[in-house]
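Below is one structure, written out as structure tokens; the observations come after it.
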Amino acid sequence: MARQRQVQKVDNFTDRTSEAITQSNYNGKIILDAFKLRGYSLVETPLLEETDLFLRKSGGELASLLYEFQEPTGLSVSIRPEFTGPILRYLIENRSIECGIQRLCYFGNVLRGPDSGQTNREFRQLGAELIGGSDCRADAEIISMAFEGLRSIGIDDTRVIVGDIGLIWNLLAQFRLSERAQ
């Protein structure tokens, strides 16, 4: 009888110990509690979403990072690589997006393909979305809340890099590219 090779953990995935899980949950709770004090509600979205949700939101940038497959009904689905798209879908489906400013936060696993540049392909992501705030005060709120959350778990040496996707969209629109190419 031929000897079978030993099944091993897939590269760039991590087994987590009880201590690591406890620490992650503890840190997450502290940060989420700080978010909740500012009026953010915790939302949990499904691990699987229609692939089109991520392609519409991020286009080609995210396409290579997706774990995409067809479910038995034939629908193309992906394991979530981030939370912003699912949060927006949640708000639209529940008509909450029509109710003015929405403050939501999340904490859960995401999965990105091997081209993501991440050390680990599966990791926990914690964050907040302020939807409907259209001025710099909304950005300032998110940035200050991120600093506050990190400080609350003892991380003081941080920096923020701010970008504006609107500038990039305006630039790409001048080249008359398809939405997917943009």
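Numbering-wise, my numbering comes out as the position in the sequence shown, counting from 1, plus 150. The beta carbon of each residue, even a glycine, is placed where N, CA and C say it ideally should be. All figures in this text were calculated on a predicted structure; none of them were measured in a lab.
Around the C-beta of Y240, 16 or more other C-beta atoms lie within 10 Å, and the residue is accordingly described as buried.
According to the DSSP assignment, G189 belongs to no beta strand (DSSP E), since it is labelled neither H nor E.
By the C-beta criterion, the region 305 to 312 is judged to be in contact with the region 282 to 296, since at least 3 inter-stretch pairs fall below 8 Å. For the pair of segments examined, the region 265 to 274 was found not to touch the region 247 to 254: the number of CB pairs separated by less than 8 Å stays below three. When secondary structure is reduced to three states using DSSP, C255 falls in the strand class.
Closest by C-alpha distance to G178, out of L238, A152, Y256 and R188, is Y256. Contact between F233 and T195 holds, with the beta-carbon distance rounding to 7 Å and staying under 8 Å. Burial check for L280: the Cβ neighbour count within 10 Å reaches 16 or more, so the residue is buried. When T269, F325, G316 and A170 are compared, the shortest CA-CA separation from F163 is found for T269. In the structure shown, the three-state DSSP call for A170 is helix. Rounded to the nearest angstrom, the Cβ distance from F204 to S228 is 6 Å, consistent with a contact under 8 Å.
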